[in-house]
Amino acid sequence: MKRRATYLLAPLTAVVILLGAWELYVDLGGTDPDVLPPPHAVAAALYDYRGDLWSNLLVTAEEVVLGILAGAVVALGLALVIHLSGWLRRALYPLLVASQAVPIPLIAALLVIWLGFGLGPKLAIIGLISFFPVVVTTLAALDQVDPDLIKLMRTFGAGRGQTFRYVELPSALPGLFTGTKLAAVLSVIGAVFAEWSGANSGLGNLFRIADTQIQTAPEAYAAVVVLALLALLLFALFSAAERWILPWAYHPPR
Amino acid sequence: MSDSIAIALAGVSAAYGSTVALEDIDLRVFAGQRVAVVGPSGAGKTTLLELICGLAEPSAGEVGLAPAALMPQRDLLLPWLSALDNAALPLRVGGLDRAAARAKAGPLLQRLGLEGFERARPAALSGGMRQRVSFARALLSGRPVLALDEPFAALDAITRAESQRWLDRALASEPRTVVLVTHDVEEAVLLADRVLVLSPRPGRIVADLEVALAHPRETGDAQVQAIRKAALAALGGHRG
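First to last, the protein sequences are chains S and G. For any residue, its number in our numbering is found by taking its place in the first sequence, counting from 1, and adding 78. For any residue, its number in our numbering is found by taking its place in the second sequence, counting from 1, and adding 48.
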C-alpha cells in the first residue's frame, strides 16, 4: 500500500513543483501571458473547452492507436526479415535509419496530396514515426539471443524454423513491447503533424487553429496537456499489456 | 556394462584458427560408462564436448559416435516456458504435439523430485531445481549419450554437494553413457567410472584413471581420496 502511494506521490510532487514554477515565472512578468499563458489560465481553458477537447481527443486517439498498430506490425515483419537475412540487414538498415531523417511536415503535406484528408495520411505518418523504434528494439532483442541456446537447440535436432519458433520469436516479444511503448509517445507528435497538414478535426487541428489566433493561446496549451495525457495513457496501457502477455519478462522496478 | 562403443575418437585434433584446442585425442567410451574429464582452463574441455555433441568438427582424426545431448553449465532454460514445457522441448522439436510431450515429460520430472513444480517458470525455481529440469530436458532428447558441461559449477557448495548425490541416484535409475566435464576433481571421482585428465592447451589426455568403486561414494573414503590425489598429481605434473 505504502509503495503504491509513493508511486503516485512522486510524479504528483514533480508536476506540482513544475506548475508552481511556471505560474510564478509568468506572474512575475517573465513573459507575455498571451504567448505563455499561466497554468491557471490553461486549467480554465481545459474546463471551458472540455467538449471540443474531448471530441477531438477521440479523433486523435483513434488515429494514434491504429497508426501504432500498423507501424508495429510492419516493424515486426521488417525486424524478422532483417534478422533472418544478413544480406537484407545490410541492404535495408541504412534505409530505415535514413527514413527517420525525412522531415515529417514535408512528407505530411505530400501524403495529404496523395491520400486526401481522410485517415490514410494520418496512419501513414504515425506508422512511419512509430515503426522505427520498434524495428530497432525488436532487432536488439533478437540479437541478444544466447548463441549457446541456438547450439543447444541444434543438439535437439531443431532446424532453423524450429529454433525460430521456439526460441527467437518469443525472445523478440519483449523488444517489440519496448519499441511500442516508445512509439506510443512519439506517435502523438506524429498525429499533430499529420493533422496540421490537413484535417478538420483532432487535437493537432485544434492546436493549429488556436495558434493562428494568439488570443486563444490557453486553448492551444490545453490541447497540449490533453496530448500529453494521451501519451501517458498509451504508455501505461502498453506497459500493462506487456505485463499481462509477457509476465516472465517483467522485472519490477526498485 | 555392455561392450558396445558409444564414443570413439581416434587421433582427433581441433583448432580455431591458429589456436589448437585439442591434440591427438584417442578415446573409446563404452555404452553405459560414465567418464569425467578434468583439466585446467583452456584445456579444450568444452571443445571436446562440442565434438561429442556434433557441434564442432575435428581438424584432424576420426569421430565416430551417436551425437550426445548437452546439459549446459548455465541451465539455458527458456524463461517463458514452465518447467514441464522446458523439459518437453526436445520432444516438441522431435514432432510430438504439446499434450503428448507433456504426458511423457511429466512422470520424469516427478522421478527427478520436481513434483508440484511442473507449472513453475524457471525464475521461480532454485538453481539446483533448474539444473534438474535441464537434466530432464537432456534425457528427453532421446540421445543415448549425455554431455554434462560443468553442470554444478554455478551452484553454491551445499547445493552442489546435494546435486552431485542427486545426479548419482538419477543416473542409477536412468542409465546413460555420460561424459562429465568438471573442474572439480572430487566431483569427477565421486560420480564417474573413469577420470580423464587433460593437459593445458593444446589439450592431450595425460591420465586415464579407473574408479572401480561402488555408488554412492563418500568424500572421506580413502580410495576416493587416493584417486583424487592421483588425478591432481597428473594435473600438477603439467603445470608451469
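Built from N, CA and C at the ideal position, the CB exists for glycine as well.
Terminal residues of the continuous beta strand (DSSP E) containing residue i?
i	result
S89(G)	Where S89(G) is concerned, there is no enclosing beta strand (DSSP E), given that its DSSP letter is neither H nor E.
E234(G)	Not the beta strand (DSSP E): E234(G) falls in the alpha helix (DSSP H), residues V233 to L239.
Note the first and the last residue of the continuous alpha helix (DSSP H) segment covering residue i.
i	result
D197(G)	First-last for D197(G): V193 to D197, but that is the beta strand (DSSP E), not the alpha helix (DSSP H).
G175(G)	G175 to L188
T207(G)	A205 to S221
R140(G)	L137 to V141
V190(S)	I182 to L193
D155(G)	Strictly speaking, residue 155(G) in this sequence is Pro, with Asp absent from that position. Counting along the chain, the alpha helix (DSSP H) containing P155(G) begins and ends at R146 to R159.
V169(S)	Sequence inspection shows Ala at residue 169(S); the Val mentioned does not correspond to that position. Start and end: G164 to S177.
Is residue i helix, strand or coil when you go by DSSP?
i	result
L269(G)	Checking the sequence shown, residue 269(G) turns out to be Asp, not Leu. If DSSP states are grouped into helix, strand and coil, D269(G) belongs with coil.
S61(G)	strand
L113(G)	strand
L154(S)	helix
E71(G)	strand
T225(G)	strand
G205(S)	helix
V259(G)	coil
V223(S)	coil
G251(G)	strand
A104(G)	coil
L125(G)	coil
L86(S)	helix
A298(S)	helix
E163(G)	coil
T230(G)	coil
P264(G)	coil
H381(S)	Residue 381(S) lies beyond the stretch modelled for chain S, which goes from 79 to 332, so this question has no answer here.
G284(G)	helix
C201(G)	Residue 201(G) is actually Ala in this sequence, not Cys. Looking at A201(G) - three-state DSSP - the assignment turns out to be coil, as it is neither helix nor strand.
G196(S)	coil
A314(S)	helix
R169(G)	coil
N134(G)	helix
On the DSSP bridge list, what partners appear for residue i?
i	result
F78(G)	I53(G)
E320(S)	None, per the DSSP bridge assignment.
L244(G)	V85(G) and D256(G)
A309(S)	A309(S) is not bridged to any residue.
L118(G)	A195(G)
For the ligand GTP, is there any heavy atom lying closer than 7 Å to the beta carbon of residue i?
i	result
G282(S)	For the ligand GTP, the structure offers nothing, since it holds no ligand at all.
| message | With three or more C-beta pairs closer than 8 Å as the rule, is the stretch 138 to 146 of chain G touching the stretch 199 to 210 of chain G? | response | By the Cβ test, the stretch 199 to 210 of chain G is not in contact with the stretch 138 to 146 of chain G, since fewer than three Cβ pairs between them sit closer than 8 Å.
| Length at least 4, wholly inside the stretch 94 to 151 of chain S: the alpha helix (DSSP H) runs in chain order | Fully enclosed alpha helix (DSSP H) runs of 4 or longer: 117 to 126.
| task | Report the residue ranges of all alpha helix (DSSP H) runs contained in full by the stretch 229 to 282 of chain S; include only those spanning at least 4 residues, in chain order. | result | For the stretch 229 to 282 of chain S, whole alpha helix (DSSP H) runs of length 4 or above, ordered along the chain, are 238 to 241 and 247 to 275.
| field | Touch test, the stretch 159 to 166 of chain G against the stretch 112 to 119 of chain G, Cβ-Cβ under 8 Å, three pairs minimum | value | Counting Cβ pairs under 8 Å, fewer than three are found: no touch.
| Does the stretch 229 to 241 of chain S come close enough to the stretch 170 to 190 of chain S that 3 or more CB-CB pairs lie under 8 Å? | The stretch 170 to 190 of chain S, when compared against the stretch 229 to 241 of chain S, does not touch it at the 8 Å Cβ threshold.
| Contact between the stretch 72 to 86 of chain G and the stretch 226 to 236 of chain G (3+ Cβ pairs under 8 Å) | The stretch 72 to 86 of chain G makes contact with the stretch 226 to 236 of chain G: 3 or more CB pairs, one atom from each, lie closer than 8 Å.
| message | So, does the stretch 303 to 312 of chain S touch the stretch 219 to 230 of chain S, judging by three or more C-beta pairs under 8 Å? | response | No, they do not touch.
| query | Does the pairing of the stretch 243 to 260 of chain S with the stretch 168 to 177 of chain S give three or more beta-carbon distances under 8 Å? | reply | Result no; under three Cβ-Cβ pairs closer than 8 Å.
| task | Indicate whether the contact test is met: 3 or more Cβ pairs, each with one atom in the stretch 190 to 199 of chain S and one in the stretch 260 to 279 of chain S, closer than 8 Å. | result | Segments in contact, yes.
| Is the stretch 56 to 66 of chain G in contact with the stretch 223 to 231 of chain G, if contact means three or more CB pairs nearer than 8 Å? | In this structure the stretch 56 to 66 of chain G does not lie against the stretch 223 to 231 of chain G, because fewer than three pairs of beta carbons, one per stretch, are closer than 8 Å.
| query | Would the stretch 167 to 181 of chain G and the stretch 96 to 116 of chain G be scored as touching if the rule is three or more Cβ pairs under 8 Å? | reply | Not touching, per the Cβ criterion.
| message | Tell me whether the stretch 124 to 141 of chain G and the stretch 266 to 283 of chain G touch, counting them as touching only if at least three CB pairs, one residue from each stretch, are closer than 8 Å. | response | The stretch 124 to 141 of chain G and the stretch 266 to 283 of chain G do not touch, with fewer than 3 CB-CB distances between them shorter than 8 Å.
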